[in-house]
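Converting from the sequence shown to my numbering requires adding 372 to each position, the first position being numbered 1. Cβ atoms here follow ideal geometry from the backbone N, Cα and C, with glycine treated the same way. Predicted model only: the values in this text are computed from it and were never measured. Only one structure is covered here, and it is reproduced in the block below.
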Amino acid sequence: MVDHASCHHRSLLTSGLKTFRNRVLAALLSCVVLWYLYLAMIVLPAREELRRPAAVDVVHAGMGGNLDGTHRDPLQSDPIREGRANMRIHGDRVSLEVLQEGKTFRLRATFDTGGGRDIVDLGPLFYIETARGCKAYPEVCRKRSPSPESVLTLEGRGWDEDKLRLDFECTCSEDGVSFMVRWAGMVTKKDAPADIVTTPVARVAARVTSEVALEMRSLLLLDVPLGEGKSSEEEDQPYRAGVVDGSPVVIPERSLFCGLEHPRAKNVIEEGSRRAAGFILHPISDFGYSAAVGKFDPSRGPSSLFRTFSDYIEMIRASPFHSWLHYNTWYDLRYRPCIDAEVGGRDPYCEYSKKFTEDNVNQRISAIATALEEEGVRLDGVLLDDGWDDWDTLWGVDKKAFPSGDLTKVAKKAQEEHNVKLGVWMSPFGGYQEASRRRVLHGLKMGYEVDMERRTFTLAGKNYSKVFSDQALMFVENDNVVFFKFDGIAGGQFSKGADKYAGEVDSLFKLILDIRRRGKGSIVWINLTIGTWPSPYWLIYGDSIWKDGYDVGLAGWGNRRDMHITERDASVYQNVVQRGLLMPIANLMLHGILQSRANEAGYLLQDSIADIKSFKTEVLTYFFSGVGLQELYIQPEELTKEHWKILADGVRFHGKFQSILRQVQWIGGDPERGQLYGWATSNDSDGVFGMRNPGTFSRKARASLRHMWGISGNSSWRLASLFDTPQLPPQFATVSLDDEITLSADPLSFVAFHATRVADNGSNNQS
373 MVDHASCHHR SLLTSGLKTF RNRVLAALLS CVVLWYLYLA MIVLPAREEL
423 RRPAAVDVVH AGMGGNLDGT HRDPLQSDPI REGRANMRIH GDRVSLEVLQ
473 EGKTFRLRAT FDTGGGRDIV DLGPLFYIET ARGCKAYPEV CRKRSPSPES
523 VLTLEGRGWD EDKLRLDFEC TCSEDGVSFM VRWAGMVTKK DAPADIVTTP
573 VARVAARVTS EVALEMRSLL LLDVPLGEGK SSEEEDQPYR AGVVDGSPVV
623 IPERSLFCGL EHPRAKNVIE EGSRRAAGFI LHPISDFGYS AAVGKFDPSR
673 GPSSLFRTFS DYIEMIRASP FHSWLHYNTW YDLRYRPCID AEVGGRDPYC
723 EYSKKFTEDN VNQRISAIAT ALEEEGVRLD GVLLDDGWDD WDTLWGVDKK
773 AFPSGDLTKV AKKAQEEHNV KLGVWMSPFG GYQEASRRRV LHGLKMGYEV
823 DMERRTFTLA GKNYSKVFSD QALMFVENDN VVFFKFDGIA GGQFSKGADK
873 YAGEVDSLFK LILDIRRRGK GSIVWINLTI GTWPSPYWLI YGDSIWKDGY
923 DVGLAGWGNR RDMHITERDA SVYQNVVQRG LLMPIANLML HGILQSRANE
973 AGYLLQDSIA DIKSFKTEVL TYFFSGVGLQ ELYIQPEELT KEHWKILADG
1023 VRFHGKFQSI LRQVQWIGGD PERGQLYGWA TSNDSDGVFG MRNPGTFSRK
1073 ARASLRHMWG ISGNSSWRLA SLFDTPQLPP QFATVSLDDE ITLSADPLSF
1123 VAFHATRVAD NGSNNQS
């Protein structure tokens, strides 16, 4: 029997619950709608470009034809003239396109490689935040047609000249200023220079210009999706290739690397949004910042990322990788030999230094160049290190040492007699110890800006930057200086970045670009030391950076030179290899070959200066590391005929294998812990590898060529000893990439080998 009253009550209850539920759902729906309206109107506009762009028609820029191959009027081939922003450029296996829908601009790169097509949505063209909180991005700025002077020149070789160009005029009510953002895009050329291996890369750049002072908090140029995250394997997870600023981001799942191309850049992984962002803090006006995304091919082997990235660096760097063999005056000539800045104050070896004079410089150049010429090697240059300058001026030449008050005579004599070129040391800081104190006091009286916390000059200061730059440019134009050593940048030793000194770093970069322009191709080297960190992007401006650590230090075992070698290489391992995974170690300043009785070198080498065996190890390991900046801290009277021969052998080795030493990689462990370590590199036909034993007992190691070189393929190689290394046992005369080779090294010795490719054992290609 049915209880109708009960049913009626249940019906009322059900109806009430439905009404309540509907009201709750309606309220929730209203909240959701309001939330989306809030996001759409207030929050998202600044980041709207992060969403995947809608499909739009794309027009080729400057290609002379439509997508279907039909001819187009050349006057209409430029999308800017058409008043449209949909444009695209093609390069070597990569294209870059700007998509516009309404006021929304989006950027997309498409890679066509052996692994298929990968379309990468790169987010906004730019996103700027000023110090007062104004936010500028294409949607809130006004697009303008670019004028001829707005064209951005990106450093490096191998880039398609048919760049994408857009100008935007932005107005910030918070700052009360208007400014222009000049944006450009480019891709790797299909016919890049023959001496570099092209890798598909898309680059973008932006420069902010303003007629009045504009302080910016940040600039974002890159926003790359990490991928779908299907794999949970650790090796497939995105990561920063280093612990320092200016480390690129690697996305293994998509075989991509990306980053804003600047050593101060913050290239970060945003796990929540699964994107990699490239931005920089405290950018300065009227300076071009760039970013890139590139594709590597894992089939090239375990080292495919490093090799591809180093090829890319070779394309963007200031000048191609090369060597520069030069005499450095530091452990030979001093301003005041026993008063100059010393480690720990006055030392008993200062008396071995000679006075820094024009005559002594000329004598040293002649002696060293002649000795090397007799061994069939040419000295490229001389670097006048700390001591040529008058401490009581701002980078004036010491007239007591150089009576003419300039370096013209020295440069001319060196060039005419030995074809040796001149370089000078300058310190953005103002120098060290007594020299710095006196120079800074003089500068304060003249109104030049000083960082009172460090008690040094600051290149961020308008007045000091001008006088420092003027002096450097005068050296280029009047004294034929082609080489600079800039010593003392930003935060000093062991830095990870320089947000606090952003203006100093970027002001130095502006000066370097001016130097290269004024030099009109004559500038052969710019060395950046003390204050750098292992970001590969330093090489866009300079040719080498400091390894960090002691100039001359001791670590490990053996005589003092053995310990110096260990400390030198341990600094590279600890400060560079472990902190900047993609920094090419051939581009480091290692503080050169030492053979001097003066100052720190004399003290640290006193028990080994006559030891030819340890000298040979120092020389051979130095050049085997691939170093392009080849410094000779020597006193010629301290070298015998045998010393000169060893030195020449090292130079010749580097010259013979320079093309592959550009990509040399560290193998092994930490020298300071007594672990076997060394260097290895190869190309399609040649390879070298070497190993040092920093310990006091014999050691053996087993390794394959594939393990050391990180290459693909299935080939055979013939091995031969280099230098005076004992020959390998007969079973290792010819090996495959995967054959395990047993290497033996006596205490404190270095062994090295050359491998020549003799055959392919399969169908895979060697890279």
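Problem set entry | Segment contact flag, the stretch 496 to 516 with the stretch 668 to 687, C-beta cutoff 8 Å, min 3 pairs | no
For this session: Counting only runs of 4+ residues fully inside the stretch 922 to 991, write out the alpha helix (DSSP H) ranges in chain order.
Result: 932 to 944 and 971 to 976
Problem set entry | Anticipated Cβ contact below 8 Å, VAL559 with ASP532, distance rounded | 5 Å
Exercise. Assuming GLY1050 contacts GLY1067 under a Cβ cut-off of 8 Å, what Cβ separation, rounded to an integer in Å, is found between them?
Worked result: Not confirmed; about 14 Å, so no contact.
Exercise. What does DSSP give as the partner residues of MET552 in its beta bridges?
Worked result: GLU541 and THR581
Exercise. By how many angstroms is the C-alpha of PRO709 removed from the C-alpha of ALA1020?
Worked result: 30 Å
Exercise. Taking PHE1104 as the reference, which of ALA1052, SER1088 and ALA1117 has the closest Cα?
Worked result: SER1088
Exercise. Mind checking whether ALA783 and ASN852 have CB atoms under 8 Å apart?
Worked result: yes
Exercise. Taking all protein chains shown into account, do 16 or more other C-beta atoms lie within 10 angstroms of the C-beta of ASP547, making it buried, or fewer, making it exposed?
Worked result: buried
Exercise. If you count every other CB in all the chains shown that lies within 10 Å of the CB of LYS793, and 16 or more means buried, which is it?
Worked result: buried
Exercise. Which same chain residues, not among the five before or five after GLY1082, have their C-beta less than 6 Å away from its C-beta?
Worked result: GLY673, PRO674 and SER675
Problem set entry | DSSP three-state assignment for ASN791, whether helix, strand or coil | coil
For this session: Grab me the residues of VAL848's own chain with a C-beta within less than 7 Å of its C-beta, minus the 5 sequence neighbours each way, in chain order.
Result: ILE887, ARG890 and GLY891
For this session: Would you kindly report the start and end of the unbroken beta strand (DSSP E) that includes VAL622?
Result: 621 to 623
Exercise. Since ASN1055 sits in a beta bridge, which residues does DSSP pair it with?
Worked result: Paired residues: none, contrary to the question.
For this session: Go ahead and pull the three-state DSSP assignment for TYR909.
Result: helix
Problem set entry | Residues that DSSP places opposite LYS507 in a beta bridge | GLU501
Problem set entry | Segment limits, beta strand (DSSP E) that includes TYR699 | 696 to 700
For this session: Indicate whether TYR820 and LEU766 have their beta-carbon atoms separated by less than 8 Å.
Result: yes
For this session: Closer than 7 Å by C-beta to GLY618: which residues in its own chain qualify, once you throw out the five before and the five after it? Chain order, please.
Result: HIS634, PRO635, ARG636, ALA637, SER907 and TYR909
Problem set entry | Proximity winner among MET552, GLU600, THR502 and ARG504, relative to ASP490 (alpha-carbon distances) | GLU600
Problem set entry | As assigned by DSSP and simplified to three states, the class of HIS1015 | helix
For this session: Output the distance between the C-alpha atoms of LEU813 and LYS838, rounded to the nearest integer angstrom.
Result: 18 Å
Exercise. Three-state secondary structure (DSSP) at GLY1144?
Worked result: Residue 1144 cannot be examined here, being either before or after the span of the chain that is shown, 373 to 1139.
Exercise. Counting along the chain, where does the beta strand (DSSP E) carrying ARG460 start and finish?
Worked result: 459 to 462
For this session: Would you identify the three-state DSSP class for SER837, choosing helix, strand or coil?
Result: helix
Exercise. Is DSSP giving PHE858 helix, strand or coil here?
Worked result: strand
For this session: Spatial neighbours of SER1128 within its chain, please: CB distance less than 6 Å, with the 5 preceding and 5 following residues excluded, ordered by chain position.
Result: Note on residue identity: the sequence assigns Thr, not Ser, to residue 1128. These residues qualify, in order along the chain: ARG1090.
For this session: Between the Cα of ARG969 and those of MET961, ASN959, LEU960 and ALA982, spot the shortest distance and give me the residue it belongs to.
Result: ALA982
Problem set entry | Burial state of SER1031, where buried means 16 or more other Cβ atoms lie within 10 Å | exposed
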